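Visitor:
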Amino acid sequence: MSQHRHPPVQVVVCPDGPLLVRGAIEVVGEGGEPIAADRPVVALCRCGKSTRAPWCDGTHKLLRRRRAAPTLQEGPDD
Amino acid sequence: MRLPRPRGPLSSHLVTLLREPVRRDRALDDVAATAVREAETVLADEDVQLGLLIVQELSHDGLDGVDDGWERSPDVVSARAVLEDAVEAELRAEVAPAVQQILAEARRDPATAIFALTDDAEGPSLAGHLQRLATRRELEEFLVHRSILQLREADGHTWLIPRLTGRPKAALVEVQSDEYGGGRLERMHAHMYADTLLAAGLDPEYGRYLDQVPATTLALHTTARMFGQQRRLRGATAGHLAGVEATSSMPNRRVAAAVRRLGLGDRAAAYFDEHVVADAVHEQVVVRDLCGGLVEQEPALLEDVVFGVLSCLLLDARMATAVLDAWETGSSSLLAEQPDRLGAVG
Ligand code: FES
Ligand SMILES: [Fe+2]
Ligand SMILES: [Fe+2]
Numbered sequence: 097m098s099q100h101r102h103p104p105v106q107v108v109v110c111p112d113g114p115l116l117v118r119g120a121i122e123v124v125g126e127g128g129e130p131i132a133a134d135r136p137v138v139a140l141c142r143c144g145k146s147t148r149a150p151w152c153d154g155t156h157k158l159l160r161r162r163r164a165a166p167t168l169q170e171g172p173d174d
Numbered sequence: 009m010r011l012p013r014p015r016g017p018l019s020s021h022l023v024t025l026l027r028e029p030v031r032r033d034r035a036l037d038d039v040a041a042t043a044v045r046e047a048e049t050v051l052a053d054e055d056v057q058l059g060l061l062i063v064q065e066l067s068h069d070g071l072d073g074v075d076d077g078w079e080r081s082p083d084v085v086s087a088r089a090v091l092e093d094a095v096e097a098e099l100r101a102e103v104a105p106a107v108q109q110i111l112a113e114a115r116r117d118p119a120t121a122i123f124a125l126t127d128d129a130e131g132p133s134l135a136g137h138l139q140r141l142a143t144r145r146e147l148e149e150f151l152v153h154r155s156i157l158q159l160r161e162a163d164g165h166t167w168l169i170p171r172l173t174g175r176p177k178a179a180l181v182e183v184q185s186d187e188y189g190g191g192r193l194e195r196m197h198a199h200m201y202a203d204t205l206l207a208a209g210l211d212p213e214y215g216r217y218l219d220q221v222p223a224t225t226l227a228l229h230t231t232a233r234m235f236g237q238q239r240r241l242r243g244a245t246a247g248h249l250a251g252v253e254a255t256s257s258m259p260n261r262r263v264a265a266a267v268r269r270l271g272l273g274d275r276a277a278a279y280f281d282e283h284v285v286a287d288a289v290h291e292q293v294v295v296r297d298l299c300g301g302l303v304e305q306e307p308a309l310l311e312d313v314v315f316g317v318l319s320c321l322l323l324d325a326r327m328a329t330a331v332l333d334a335w336e337t338g339s340s341s342l343l344a345e346q347p348d349r350l351g352a353v354g
C-alpha cells in the first residue's frame, strides 16, 4: 500500500478561479440547506459572483477582464 | 448513419463508391486532391467537409449499406490524409500569427495564456443573439447545427486517452467520464442533447439533419476527429478541447436563457444548464492538468497546444459569423432541403 494515500476529499485552488473539490458529497449552502455534489469533481465559486452559487459558472472571468481593463463596463448578462 | 446527399464531385464519388464491395479505387486520391485544389477554403467548402465527414464516419458510426471494411481501404485512408492534411495546413496558416504572438507568454505560464486566449476570443456572439433576440425558428436552426457535434459529444477527444500517460491522462479521463455521464446514461451529454432535441420537437437521430448542415458547422466536428485520431496531433487535440471547455459556461447560460424565453421548457434547457456548471469544472481540469501536464512532460508540444486552442476559436467564430449573417438577411442558416434527384417530380 502506498505511503501517501490520497485523502478522501481533495481541494485544489485554481488561480483567479474556483476551488476544485474532488470527493465532496454535500455542500451546505448559505442558508444551511444541503446541496448535493452530483459529480465526482465540483468547482466551488470563490469570486462571489456566480449565478449558480455555490458552483462556479465562469463569471470570475469577467472580473478578471475588468481588472485587466478598468474602463471596460461589462457584467454577466442574466 | 445513412449516406448523405452529395454536395460536389468528391462526395458524389464517395457515395457511389462506398455502396460497392470493398475494392481498390485509384481514382479516389485524385478526386480528393482536385476537390482540395479547387476549394477556395477547405474549412468552408461543402464538398470537402462533407467528403471528410463521410470517410471519418467509417471510423465512427459507420454508414448504412456500407461495408465497414472500407475503413482500412488504402485508397480511403490515402484520400482521408489528403483532406485532413489540407485542413490542417489551412488552419495552421490562419492562426500562425496568433500562435506566435502568445507563445512566449504560454512558455512562462501555459494555463494563464490559454485562459487569456479563450477569454478574449473575438467574433460575434451567437449565444448573445439567441438570448436576446432570436426567434423560435432561429433557435431550432441552432439546435440542428449543433446536433451533428453534440449527439456524438466528447468522442473526438476521447481518441487522445490511450496516447497519454500520468497526470494529463488522469485529467482527460476525469473530464471524459463526466461527459459520458459517469456511468449514468441519463447524464451522458450526448444523451441529454438528444433529450433537448426531443423536447424541441426535433429528431434525435444522429445524422438526421446532416443534409441541411453547412460546411462551416461540419468543420467543428471533422476537425476534432482529425486532431483526436492522430498521435502526431496530441498537443493540438488537448488544446482544442481546452478551447471547447473554456468557452462554454457563459454561452451555455445564454442559450439556456434563450430556450426558456422561447418557451421550450426546462427539459430542453437541461443540457445547457448542465454545461454551465460542468464546463466550469472541465475548463480548469483541461487547461491546468491536461494541457499543463502534457506540456510539462513534453515541452515541445506547447506550440501545438496553442494551435489547437486557436483552431477551435477560429472555427467557432466562422460558424457564428455564417449563421448570424444568414439570419441578418432574413434567410435560413441551414442548407435547403432539396428533393432527391431520382425522386424529384417534374
Ligand atoms: S469563481 Fe468562477 S464564478 Fe466565481
Ligand atoms: Fe459536455
Ligand atoms: Fe465539458
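Chains as they are written, first to last, in my numbering: chain U, 97 to 174; chain Y, 9 to 354. Beta carbons: idealized from backbone N, C-alpha and C, even for Gly. Given the structure is predicted, the values throughout are model-derived calculations rather than measurements.
1) Output the residues surrounding ligand 1, defined as those with a CB atom closer than 7 Å to any ligand heavy atom, in chain order.
2) Taking only beta-carbon atoms, is U:Val137 less than 7 Å away from chain Y?
3) Based on the DSSP secondary-structure assignment, which residues constitute the bridge partners of U:Ile131?
4) Can you tell which of U:Lys157, U:Asp134 and U:Pro103 has its C-alpha closest to the C-alpha of Y:Asp186?
5) Can you tell me which residues form a DSSP beta bridge with U:Ala139?
6) Hey, could you find the ends of the alpha helix (DSSP H) Y:Gln57 is sitting in?
7) Give me the chain Y residues within the contact set of U:Leu159, using Cβ-Cβ distance strictly less than 7 Å, ordered along the chain.
8) For ligand 2, is there any heavy atom lying closer than 6 Å to the beta carbon of Y:Glu187?
9) Within 8 Å, do at least three Cβ pairs link the region 163-180 of chain Y to the region 228-246 of chain Y?
10) In whole angstroms, what separates the C-alpha of Y:Val85 from that of Y:Val56?
11) So what's U:Leu168 in DSSP terms, helix, strand or just coil?
12) Sorted by chain position, which residues of the same chain lie with C-beta nearer than 7 Å to Y:Leu205's C-beta, five sequence neighbours on each side aside?
13) Give every residue of the same chain whose Cβ lies closer than 6 Å to the Cβ of Y:Ala352, excluding the five residues on either side of it in the sequence, and list them in chain order.
14) Please classify U:Met97: is it buried, with 16 or more other beta-carbons within 10 angstroms of its beta-carbon, or exposed?
15) Apply the 10 Å Cβ neighbour rule to Y:Pro82 and answer buried if 16 or more other Cβ atoms are within range, or exposed otherwise.
16) Tell me whether Y:Glu357, by its Cβ, gets closer than 6 Å to a heavy atom of ligand 2.
17) Quick one: using the 10 Å Cβ neighbour count with 16 as the cut-off for buried, is Y:Ala286 buried or exposed?
18) Using a Cβ-Cβ cut-off of 7 Å (strictly less than) and excluding sequence neighbours within five positions of Y:Ala276, which residues of its own chain qualify?
19) Tell me whether the region 112-130 of chain Y and the region 300-313 of chain Y touch, counting them as touching only if at least three CB pairs, one residue from each stretch, are closer than 8 Å.
20) From U:Thr155 to Y:Phe280, what distance separates their C-alpha atoms?
21) With respect to 6 Å, is the separation between the Cβ of Y:His199 and the closest non-hydrogen atom of ligand 2 below this value?
22) Can you name the start and end residues of the beta strand (DSSP E) that Y:Gln184 belongs to?
23) Establish whether the CB of U:Gly154 and some CB of chain Y are separated by less than 7 Å.
24) Check each residue of the region 299-317 of chain Y: if its Cβ is closer than 7 Å to any Cβ of chain U, include it; give the result in chain order.
25) Output needed in chain order: residues of the region 279-292 of chain Y with a Cβ under 8 Å from some Cβ in chain U.
26) Residues of chain U with CB under 7 Å from Y:Ser257, in chain order?
27) Return the first residue and the last residue of the beta strand (DSSP E) that Y:Gln305 is part of.
28) Expressed to the nearest angstrom, what Euclidean distance is found between the alpha-carbon atoms of Y:His165 and Y:His283?
29) Run through the DSSP bridge pairs and tell me what U:Val107 is partnered with.
30) Determine the DSSP secondary structure at U:Arg151, reduced to helix, strand or coil.
31) Taking 7 Å as the threshold (C-beta atoms), are Y:Ala162 and Y:Gln184 in contact?
32) What span of residues does the alpha helix (DSSP H) with Y:Thr42 cover, start to end?
33) Which of the three DSSP states is assigned to Y:Ser339 in this structure?
Guide: A quick look at the data gives this:
1) Result: U:Gly113, U:Pro114, U:Ala139, U:Cys141, U:Arg142, U:Cys143, U:Gly144, U:Lys145, U:Ser146, U:Cys152, U:Asp153, U:Gly154, U:Thr155, U:His156 and Y:Ala288.
2) Position 41 of the first sequence, counted from the first residue, corresponds to residue 137 of chain U. Yes, U:Val137 lies at the interface with chain Y (some Cβ there is under 7 Å from its Cβ).
3) Stepping through the first sequence from its first residue, residue 131 of chain U is reached at position 35. Paired residues: U:Val123.
4) As a first step, residue 186 of chain Y must be located in the second sequence, where it is residue number 178. Closest option to Y:Asp186, Cα to Cα, is U:Asp134.
5) Translated into positions along the first sequence, residue 139 of chain U becomes position 43. Answer by DSSP bridge pairing, in chain order: U:Leu116.
6) Looking up residue 57 of chain Y in the second sequence gives position 49. For Y:Gln57, the enclosing alpha helix (DSSP H) stretches over residues Glu54 to Glu65.
7) On the first sequence, residue 159 of chain U is found 63 positions in, with the first residue counted as 1. Here the premise fails: no neighbours, minimum Cβ distance about 11 Å.
8) The residue labelled residue 187 of chain Y in the question sits at position 179 within the second sequence. Ligand 2 has a heavy atom closer than 6 Å to the beta-carbon of Y:Glu187.
9) Note that the region 228-246 of chain Y touches the region 163-180 of chain Y; at least 3 beta-carbon pairs, one per stretch, sit closer than 8 Å.
10) Counted from its first residue, the second sequence places residue 85 of chain Y at position 77. Counted from its first residue, the second sequence places residue 56 of chain Y at position 48. Rounded to the nearest angstrom, the two C-alpha atoms are 15 Å apart.
11) The sequence position of residue 168 of chain U within the first sequence is 72, counting from 1. Model confidence at U:Leu168 stands at a pLDDT of 43, short of 50, so the residue's coordinates are unreliable and nothing is read from them.
12) Here residue 205 of chain Y is taken as the residue at index 197 of the second sequence, counted from 1. Here Y:Leu205 has Leu151, Ser155, Asp211 and Pro212 as same chain residues with Cβ atoms under 7 Å from its own Cβ, once five neighbours each way along the sequence are excluded.
13) In the second sequence, counting from the first residue as 1, residue 352 of chain Y sits at position 344. For Y:Ala352, the predicted structure reports a pLDDT of 36, less than 50, and the residue's modelled location is therefore unreliable. The matter cannot be settled from this model.
14) The residue given as residue 97 of chain U occupies position 1 in the first sequence. With a pLDDT of only 47 at U:Met97, under 50, the local geometry of the prediction cannot be trusted, and no value is derived from it.
15) Residue numbering aside, residue 82 of chain Y sits at position 74 when the second sequence is read from its first letter. So Y:Pro82 ends up on the exposed side.
16) With chain Y covering only 9 through 354, there is no way to say anything about residue 357 of chain Y.
17) As a position in the second sequence, residue 286 of chain Y is number 278, starting the count at 1. Counting Cβ neighbours within 10 Å, Y:Ala286 comes out buried, since at least 16 surround it.
18) As a position in the second sequence, residue 276 of chain Y is number 268, starting the count at 1. Closer than 7 Å at Cβ, skipping near neighbours: Thr204, Ala207, Ala208 and Val267.
19) Under the 8 Å Cβ criterion, the region 112-130 of chain Y counts as touching the region 300-313 of chain Y, having at least three qualifying pairs.
20) Sequence index remark: in the first sequence, residue 155 of chain U carries index 59 (1-based). Sequence index remark: in the second sequence, residue 280 of chain Y carries index 272 (1-based). U:Thr155 and Y:Phe280: Cα-Cα distance of roughly 16 Å.
21) Walking along the second sequence from the start, residue 199 of chain Y turns up at place 191. No - ligand 2 has no heavy atom lying nearer than 6 Å to the Cβ of Y:His199.
22) Here residue 184 of chain Y corresponds to residue number 176 of the second sequence, with the count starting at 1. Run containing Y:Gln184: none in the beta strand (DSSP E); it sits in the alpha helix (DSSP H), Gly174 to Glu187.
23) For the purposes of this step, residue 154 of chain U is taken as the residue at position 58 of the first sequence. Yes, contact with chain Y.
24) Listed by position, the residues of the region 299-317 of chain Y near chain U (Cβ gap below 7 Å) amount to none.
25) Cβ contacts with chain U: Val284, Val285, Ala286, Asp287, Ala288, Val289, Glu291 and Gln292.
26) Counting from one through the second sequence, the residue named residue 257 of chain Y turns up at place 249. Neighbours of Y:Ser257 in chain U, taken as residues at a C-beta separation under 7 Å, are given in chain order as Asp153 and Gly154.
27) Mapped onto the second sequence, residue 305 of chain Y falls at position 297. That residue, Y:Gln305, is in no beta strand (DSSP E); its alpha helix (DSSP H) goes Gly300 to Gln305.
28) Here the question's residue 165 of chain Y lines up with position 157 in the second sequence. Here the question's residue 283 of chain Y lines up with position 275 in the second sequence. Put simply, the backbone Cα of Y:His165 is about 17 Å away from that of Y:His283.
29) Within the first sequence, the letter at position 11 stands for residue 107 of chain U. Answer is U:Val117.
30) By one-based count along the first sequence, residue 151 of chain U stands at place 55. Residue identity differs from the one stated: residue 151 of chain U is Trp in this sequence, not Arg. In this structure, U:Trp151 counts as strand in the three-state DSSP scheme.
31) Position 176 of the second sequence, counted from the start, is the residue given in the question as residue 184 of chain Y. Position 154 of the second sequence, counted from the start, is the residue given in the question as residue 162 of chain Y. Going by beta carbons, Y:Gln184 and Y:Ala162 fall inside the 7 Å limit.
32) Counted from its first residue, the second sequence places residue 42 of chain Y at position 34. Note, Y:Thr42: alpha helix (DSSP H), Ala35 to Glu46.
33) To locate residue 339 of chain Y, count along the second sequence from 1; it is residue 331. It is coil, neither helix nor strand.
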